[in-house]
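**Student:** This is the structure, below, for whatever I ask next.
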Amino acid sequence: MIEQLKANYGYLFEDELLQEINSVGTYKDIPEGYQLISIGDYIKSMPLLVSGAIKILREDANGEELILYFIEQGDTCAMTLSCCLGNSKSEIIAIAETDTKLIMIPVQKMEEWLGKYKSWQKFILQSYHDRMTELLQAVDTIAFLKMDERLFKYLKDKAMVNHNELIHVTHQQIAQDLHTSRVVVSRLLKKLAMDGKIELFRNNIKVIDL
């Protein structure tokens, strides 16, 4: 595990911290589609992504979901940090967007390292900043973009985190992530295809205009 840690976090953390992460962290392989965190969960450890991507969603009172952002290799989730450090229940859902490898860090070490390592403190603060920026972008997307623009941004983001312009996704899955209907998604996908921004296949979409 130490070699993967150095490859992904060696530019951020000093060797001593990398060795501590290696000794106390729990390495996990998460399959695509697996739900790591549910609403109301108590979170006792924080994920460091070694590879893959995780999508973070919110859920309304009716159980409808809305995607907020993706976290990728080298990232962590600010909302997970808040729940860990505050010993509070999760207010988000986390689902593996792709097959994902991660290292779970115990909450006790997270707090200890904030005072012990400047690099860890900088990483945590930068993670908060990055996730807050993405949350503001999510709010802007919902408030100011038309649904076809939201849909195309979603497709581009999904292609980027998958590192593949060909996305395997159904119209119903898109509708759930964007909190809209499958009929609306199907209609707008056809429009994007006519505009030359995407190509449609059975359960696959190719994003052309990245």
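Plus 1022 on top of the position in the sequence shown (first one is 1) and you've got our numbering. Backbone N, C-alpha and C fix where the C-beta goes; we use that ideal spot for every residue, glycine too.
Evaluate aspartate 1179 with the Cβ neighbour count: other Cβ atoms within 10 Å of its Cβ, from every protein chain shown; 16 or more gives buried, anything less gives exposed.
**Tutor:** So aspartate 1179 counts as buried.
**Student:** Go ahead and pull the three-state DSSP assignment for glutamine 1057.
**Tutor:** Strand.
**Student:** For histidine 1190, write down the residues that DSSP places opposite it in a beta bridge.
**Tutor:** According to DSSP, which records beta bridges pairwise, histidine 1190 is partnered with Asn1226.
**Student:** In angstroms, rounded to a whole number, what distance separates the CA positions of serine 1073 and isoleucine 1024?
**Tutor:** Between serine 1073 and isoleucine 1024, the C-alpha separation is close to 14 Å.
**Student:** How would you call valine 1229, buried or exposed, if buried means at least 16 neighbouring beta carbons within 10 angstroms?
**Tutor:** Buried, by the Cβ-count rule.
**Student:** Measure from the alpha carbon of aspartate 1063 to the alpha carbon of each residue in Leu1173, Lys1111 and Lys1131, then state which is nearest.
**Tutor:** Residue Lys1111 is the option with its Cα nearest to aspartate 1063.
**Student:** Identify every residue that forms a DSSP beta bridge with arginine 1080.
**Tutor:** Paired residues: Leu1088.
**Student:** With a 10 Å radius around its C-beta and 16 neighbouring C-beta atoms as the bar for buried, classify histidine 1151 as buried or exposed.
**Tutor:** When all chains shown are included, histidine 1151 counts as exposed.
**Student:** In terms of residue numbering, what span does the alpha helix (DSSP H) encompassing isoleucine 1146 cover?
**Tutor:** Looking at the DSSP string, the run of the alpha helix (DSSP H) that includes isoleucine 1146 is 1140-1166.
**Student:** Looking only at its chain, what residues have a beta carbon closer than 7 Å to the beta carbon of leucine 1088, apart from the 5 residues adjacent to it on each side?
**Tutor:** Taken in chain order, the residues that qualify are Leu1079, Arg1080 and His1201.
**Student:** Going by Cα to Cα distance, which pick from Leu1090, Val1206 and His1185 is closest to glutamine 1194?
**Tutor:** The shortest Cα separation from glutamine 1194 among Leu1090, Val1206 and His1185 belongs to Val1206.
**Student:** What are the partner residues of threonine 1048, as DSSP defines its beta bridges?
**Tutor:** DSSP, once it has assigned bridges, lists Met1126 as partnering threonine 1048.
**Student:** Using DSSP bridges, identify the partner residues of isoleucine 1117.
**Tutor:** Answer is Gln1057 and Lys1077.
**Student:** Under 8 Å Cβ to Cβ from glutamate 1119, same chain only, skipping five residues before and after it: list those, please.
**Tutor:** Once the five neighbours on either side are set aside, the close Cβ partners of glutamate 1119 are Glu1054, Gly1074, Ala1075, Ile1076, Lys1077, Phe1092, Lys1180, Val1183 and Asn1184.
**Student:** Strictly by DSSP, which residues pair up with tyrosine 1064?
**Tutor:** DSSP lists Lys1111 as partners of tyrosine 1064.
**Student:** Going by DSSP, what residue range makes up the alpha helix (DSSP H) through aspartate 1170?
**Tutor:** Residues 1169-1184.
**Student:** Thinking just about the alpha-carbon of each residue, which of Gln1198, Ile1146 and Ile1061 is nearest to the one in threonine 1098?
**Tutor:** The shortest Cα separation from threonine 1098 among Gln1198, Ile1146 and Ile1061 belongs to Ile1146.
**Student:** Quick one: is the Cβ of isoleucine 1146 within less than 8 Å of any heavy atom of the ligand ATP?
**Tutor:** Annotation note on the ligand ATP: not contained in the displayed structure, which lists no ligands.
**Student:** For a quick check, are the C-beta atoms of isoleucine 1061 and isoleucine 1117 less than 9 Å apart?
**Tutor:** No.
**Student:** Could you please give the first and the last residue of the uninterrupted alpha helix (DSSP H) stretch that includes tyrosine 1031?
**Tutor:** That run of the alpha helix (DSSP H) goes 1024-1031.
**Student:** Considering only the beta carbon of each residue, do valine 1161 and methionine 1068 sit closer than 9 Å?
**Tutor:** No, they are not a contact pair.
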